[in-house]
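Protein chains in written order, with my numbering: chain A, 1 to 424; chain B, 425 to 745.
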Amino acid sequence: MSNTNHNIESPKEKQNRHKAMEAIKLLNTLREDFKEPIESMEYFYDLFERVHCKHESLHDDKTKIGTMCIQIPSEIIYALDGVPIRLCNGFYTDDEIGSDLMPQKACPLIKATVGHFASGNFTDKPDIVFSPTTCDQKTKAGTTIESFGYKLIDVDFPRTKESEASREYWRRSVKQFAVELSKFQGKKLTKTNLRNAIKKIGYAQSLYHKLSEFRKNDIIPILGMDVFLVTNAFFFDKIDNWIEATEKLLSELEIRAKEKITVTGKASPRIIYTGSPPIFPNYKIPQIIEESDGIIVADETCSSNRMFNDMVAVDEWNIYDMMDSISDKYLKACTCPIFTKNEDRIRRVVQLAREYKADGVIYQAFAGCTVYEMEQRSVLEAMEKEGIPILYLESDYSPSQGGQLSTRVEAFIESLKTRRRNKK
Amino acid sequence: MKNKIKNFINNGDLRKVRFWIQLISFILFVYGGYWAINLGSSFPVFACPYNGHAGATCYLISLQHQLSMPAKVLFSPAFISILIGLVTFIAWFMILNKAWCGYMCPFGTLQDWITSLRRKMGVRFSTYTQRQFEELSKIKYLFLIIALLFPILIGTGALSNNWSAPFCQMCPARVISPMFSGDFSQWRIDFSSKTNMILTALGVSFASLFFVGSFVKKRFFCFFCPMSALHYIFANTSIVKFRKDGNRCTRCGDCYAVCDMQIKDIADDVTSNNILRDDCILCLKCVAACPEDDALHFDILNIKAFSSTRQGFEKRMNLEQ
């Protein structure tokens, strides 16, 4: 009867609306649900809101270089005047789109990434995508993504890292990657631009390390979720803005540390988070942990610690030496479970537990992330040997699982509290 | 106060410190004779006595001379002189371990200077492949065997005196060191006998190779140095230790990237506590390039004298803005 204009929502609009809902729900939780919110975190909340709710693009003026994993050296991308955009995706909306294109048991991260590409709905659409051949699913997803009409180049990545052959192989791959990108950009890699890029990334890494130092304290001034947000922002933010915002965050944390302002409860157990990466807005497990009075003090994941931990050093600033040192860092220091052996990862988790005086470890694997699921046993055994309590969880991107997971996490955290009391 | 000193050392600019120590010890070892400095002849460095003004001299030459004494003498009280030589050598060695190579050896320093010349010319250094490394790394032991065995054979009469100090005859330091006091006379082949001819010809060719080699490869000669092999045999006697805490290592490879000797274990071995390897020259560049707190440390009397720290790394890499 009335003349109301009925607009039928397009699939793209629907996708945007759903993703905005996912994003704002998490951001509002972070803004409002925890005690002592950090003022300078607002930059990051706002950044995610701008990109995911208001669909602002950040890099109109630059070539956007999509990367499918952390092994693509951002040093080289920055040196060649591109902006690295890491396309690992954490949206359930995109996961659902991708489900139609991927096997039912595929990992949600891959499904979401493929779904995102399938929709073609980007705020900063990558001009070219580099896909390192890491896990099976990412490796194979490359061809699917290519079939949507994207320019995608595989970067050969070895699955063992102990042998000299694998080192040489990866060094060659990285050189090849630099050649391809240099051709694409029409720009030459030089001593100066590569050195500057290494320094810039190195500085960003040093900020991350300073941030981590605060989490070693007895009084912890920042939530693990907030740190994940900061590190996730590095996936796509303008690096100079990120640096500035992180510097501000650090100076605020300095004050908070002095004034003994904490985000935790009186006896919140300190948790190391390891496993499949929390990627915005899929902070399901970290949120459950920190809402159950746990506090994540450190992590061993590729969306955070692994991305920042290792810095490049060279003896002489020759282009090939920089390239070799960069390559070695991305291969040898990587603790991804795709490798045949995982001693390095176990050592890292144990070392983090010691350094950050952790009470326990929470190991999360995405259902369908075969490599993390497979490594679970050996990590659990190793932690048992070390006497570090560990909880293994399987989850996905669906919003419906919450109840069961939080029961298990709450029980684990309670047991850690009891354990600590008994120790005293 | 203790922490302040520690931070000062760990944040220091190793390159500068090394440059000055090397310069001073070079002057001492090569020109010490001008000030009548004579510290003896049992030094664990290549300070060659063929250079008439050396302030102290290399142990290998005295060792070879002592070993080539007639067998009878070897088993007489005169043996004591050999023992004293050896004890003095070990005593010197105990103080610094292989840091003699990285900081004191004039022949090593010379190679570092050639390296900085290359660096200034913008030429890239070359490296060995892992296989070449493994094969070539054995040569120093071969030289050591020559230096020890042949003199003994002279003593027993199995070899003629032409073989005296066989390693020195081949040694590039014999040819090159005297040049620093203006003596170029060692650049010749001794035609007095076939043996001498071959050995000195090798010496001259090794000396030429030394200049070419150390221009393209960092610490080219140290790789083949029998003194380095001898050091390694006594490495455990030293009060100085080079240690690694594998738990803190992430295998990022920064140490390996800066290693002049291409020692792979420094990055890859996460189980050995003692990380000193036979090729190591204890220059400690790896410690300076390691971003993990205390993962690598240089200990004197079990006290950490120089440790890797993240702060130090950031300072040296100029990461502060």
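Built from N, CA and C at the ideal position, the CB exists for glycine as well.
- Residue-level contact by beta carbon fails for residue 155/A and chain B, as no gap is shorter than 8 Å.
- Secondary structure of residue 549/B (DSSP, three-state): coil.
- In the DSSP assignment, residue 729/B falls outside any alpha helix (DSSP H) and within the unbroken beta strand (DSSP E) covering 727-731.
- Cα atoms of residue 83/A and residue 237/A: separation of roughly 9 Å, rounded to the nearest angstrom.
- Between the C-alpha atoms of residue 399/A and residue 67/A there is a straight-line separation of about 27 Å.
- Residue 225/A holds the alpha-carbon nearest to the alpha-carbon of residue 290/A among 75/A, 225/A, 185/A, 98/A.
- Of all residues in the stretch 677-697 of chain B, only 677, 678, 679, 680, 681, 682, 683, 684, 688, 691, 692, 694 come within less than 9 Å of chain A when Cβ atoms are compared, listed by chain position.
- Counting along the chain, the unbroken alpha helix (DSSP H) around residue 209/A starts and ends at 191-216.
- Between residue 653/B and chain A, the shortest Cβ-Cβ separation is not below 8 Å.
- Residue contact with chain B for residue 309/A: present (Cβ-Cβ distance below 8 Å to some residue of chain B).
- With 16 or more other Cβ atoms from the protein chains shown falling within 10 Å of its own Cβ, residue 741/B counts as buried.
- With fewer than 16 other Cβ atoms from the protein chains shown falling within 10 Å of its own Cβ, residue 148/A counts as exposed.
- Distance from the Cα of residue 316/A is smallest, within the candidate group 522/B, 641/B, 583/B, 700/B, for 641/B.
- Using a Cβ-Cβ cut-off of 8 Å, residue 610/B does not count as an interface residue toward chain A, since no Cβ of chain A sits closer than that to its own.
- In its chain, beyond the 5 residues on either side, 620, 624 have a beta carbon closer than 6 Å to the beta carbon of residue 614/B.
- Per DSSP, the continuous beta strand (DSSP E) segment holding residue 130/A begins and ends at 128-132.
- Residue nearest to residue 605/B within the set 427/B, 436/B, 452/B is 452/B (criterion: CA-CA distance).
- The CB of residue 713/B comes closer than 7 Å to the CB of 313 in chain A, given here in chain order.
- Residue state for residue 643/B is assigned as coil, using DSSP reduced to three classes.
- Residue 364/A sits in a strand when the DSSP states are folded into three classes.
- For a Cβ distance threshold of 8 Å, residue set 674, 675, 676, 677 of chain B lies close to residue 333/A, ordered along the chain.
- Distance check between residue 22/A and each of 206/A, 44/A, 53/A, 150/A places 53/A closest, using alpha-carbon atoms only.
- Under the 8 Å Cβ criterion, the stretch 701-720 of chain B does not count as touching the stretch 164-183 of chain A, having fewer than three qualifying pairs.
- By the neighbour-count criterion, in which 16 or more other beta carbons inside 10 Å mark a residue as buried, residue 412/A falls on the buried side.
- Selection 125/A, 376/A, 207/A, 381/A evaluated against residue 251/A yields 207/A as nearest (Cα-Cα).
- Residues of the same chain with a CB within less than 7 Å of the CB of residue 380/A, apart from the 5 flanking positions on each side, are 390, 392 in chain order.
- Interface annotation, residue 347/A: in contact with chain B, CB-CB separation under 8 Å.
- Under a 10 Å Cβ-count criterion, residue 218/A is classified as exposed, with fewer than 16 other Cβ atoms of the shown protein chains found around its own Cβ.
- Partner residues in the beta bridge of residue 84/A, as assigned by DSSP, are 65/A.
- Here residue 548/B is exposed, its C-beta having fewer than 16 other C-beta atoms within 10 Å.
- Near chain A, meaning a CB-to-CB distance below 9 Å, no residue of the stretch 572-601 of chain B qualifies.
- Counting only runs of at least 3 residues, the stretch 662-726 of chain B fully encloses the following beta strand (DSSP E) elements, listed from N- to C-terminal order: 664-668, 720-724.
- Contact between the stretch 112-128 of chain A and the stretch 83-96 of chain A is present, with at least three C-beta pairs closer than 8 Å.
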